[in-house]
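Last residue of the sequence shown? That's 477 in my numbering, and every number before it is there in order.
Don't be surprised by glycine CBs; every beta carbon is placed ideally from N, CA and C.
Since this is a predicted model, take the numbers as computed values, not measurements.
Okay, so here's the structure we're looking at.
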Amino acid sequence: MNSLEYEQWWQLHLRVAMGETLSSAEQPVYQAGLLQLEQEEKDPLSANLLKQLLPLRQRIDELNTQHHQLVLENGKLDKKIKKLEKAYQTLTGYQLLK
């Protein structure tokens with residue numbers, strides 16, 4: 380629940396606490412907010428953890444993409460090294476030390 384939603388819910392809550400009856404449109408909004416707040420009280424870390432997980436998941440995806448690109452580049456460089464080593468051996472008759 381963001382701050383605007385909480386503020387709206389809180390106004391409804393104050394009215395309920397003072398004994399007012401909410402309209403049929405307000406009642407489900409109030410009940411949903413109450414349920415959400417009760418759930419957050421039971422598991423206060425879950426809401427914060429979920430907010431933190433999305434950016435972390437995005438970062439993991441970015442790093443996986445970067446890793447894949449580096450693996451491809453590494454393969455290309457290995458092929459180039461082998462080609463250059465073969466050319467060196469052909470030109471000099473010597474094999475490079477491994």
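{"Query": "Helix, strand or coil: which one does DSSP assign to Q474?", "Result": "coil"}
{"Query": "Between the stretch 381-388 and the stretch 405-420, do three or more beta carbon pairs fall short of 8 Å?", "Result": "yes"}
{"Query": "Take the Cβ of L433 as the centre, count every other Cβ of all protein chains shown within 10 Å, and call the residue buried at 16 or more, exposed below.", "Result": "exposed"}
{"Query": "S425 by DSSP, collapsed to three states: which one?", "Result": "helix"}
{"Query": "Please list, in chain order, all residues of the same chain as L475 whose beta carbon is under 7 Å from its beta carbon, the five residues on each side excluded.", "Result": "E464, Y467"}
{"Query": "In chain order, what residues of the same chain lie with their CB nearer than 6 Å to the CB of H392, ignoring the 5 residues before and after it?", "Result": "none"}
{"Query": "Return the Cβ separation of Q418 and M380 in integer angstroms, given the expectation that the two are a contact with Cβ distance under 8 Å.", "Result": "With 8 Å as the limit, Q418 and M380 do not qualify as a contact, their Cβ atoms being about 10 Å apart."}
{"Query": "Along the chain, where does the alpha helix (DSSP H) that runs through S382 open and close?", "Result": "382-396"}
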